[in-house]
Amino acid sequence: MIPILYRPDEIDFLSNGLGRLTECSSCLVTEERNGIFECEFKYPITGRFYQTMIEDGGIVAVIHDDKHDIQPFDIYSYSAPIDGVVTFYAHHISYRLSHIIVSPFEAVSCALAIDGLKTHSQNKNVFTFWTNKATAGNFVLSHPDNIRALLGGQQGSILDVFGTGEYEFDKYAVKLYLNRGVDTGVTIRYGKNMMDMERKFDE
């Protein structure tokens, strides 16, 4: 799919925004389980939207999985031109959760803790939250913190208190699944569906 450029304040992502980045030469999205969710793309300095992205940043939306639904990424950095081409770096719009502060609260279940991230937000919060985890526990936020940190990756976070789970970041929706995928019974076997393997050692 050709990436679409939107203004930083876009909410719906239903139109072609400012336009499609037809001059884009490559686009790579990296999504790790409960980890990074970033986009890297290359665009020429002669491109129609080059100056717009340099001066105003903006959101680039792309399809990255078999759902064929676009996901928005905030442009946050870019490289120096090499042979007239600039590499732009963007992270998923869910990274904006790092700037939303939650006031102290307590919850006795995962569902209540997830809901509390919204109801106890101190600044504007356009994100929605959902989970199918019914796990009980004792979630205690004793001091203000940002939502992204509270989701996981630190002591006292939702994943730390209520155990494993898998997040899906879908535009402005945050969904915590007990298991995001399904076991289809497929196994990887050398010579059948894996034809080569390379092992590297760091000295």
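For the sequence shown, position 6 matches number 13 in my numbering, and the numbering has no gaps at all.
C-beta: ideal position from N, C-alpha, C; glycine also.
Remember, it's a predicted structure, so these values are computed and weren't measured experimentally.
Could you give the first and the last residue of the continuous alpha helix (DSSP H) run that contains residue i?
{"i": "V92", "result": "Segment V92 to H99 is the beta strand (DSSP E) holding V92; no alpha helix (DSSP H) there."}
{"i": "E62", "result": "Y57 to D63"}
{"i": "I121", "result": "C117 to T126"}
Following the continuous beta strand (DSSP E) through residue i, name the residue where it begins and the one where it ends.
{"i": "A180", "result": "A180 to Y184"}
{"i": "L12", "result": "I11 to Y13"}
{"i": "G172", "result": "Unbroken run through G172: none, as it is neither H nor E."}
{"i": "I66", "result": "I66 to I70"}
Classify residue i as buried or exposed, calling it buried when 16 or more other Cβ atoms lie within 10 Å of its own Cβ.
{"i": "K140", "result": "buried"}
{"i": "H150", "result": "exposed"}
{"i": "G172", "result": "buried"}
{"i": "V133", "result": "exposed"}
Determine the DSSP secondary structure at residue i, reduced to helix, strand or coil.
{"i": "L157", "result": "helix"}
{"i": "T138", "result": "strand"}
{"i": "V133", "result": "coil"}
{"i": "I89", "result": "strand"}
{"i": "R103", "result": "helix"}
{"i": "G163", "result": "coil"}
Based on Cα-Cα distance, which residue from the options lies nearest to residue i?
{"i": "Y85", "options": "C46, I108, L119 and E113", "result": "C46"}
{"i": "L166", "options": "A87, G144, Y83 and M8", "result": "G144"}
{"i": "V109", "options": "A156, H98, Q78 and H99", "result": "A156"}
{"i": "P111", "options": "F176, G170, G163 and V36", "result": "G163"}
{"i": "V36", "options": "R103, V67 and I89", "result": "V67"}
{"i": "S101", "options": "G42, Q161 and R27", "result": "G42"}
{"i": "G65", "options": "L148, R27 and I121", "result": "R27"}
Tell me the start and end of each unbroken beta strand (DSSP E) in the region 8–48 that is at least 3 residues and wholly inside, in chain order.
11–13 and 33–38
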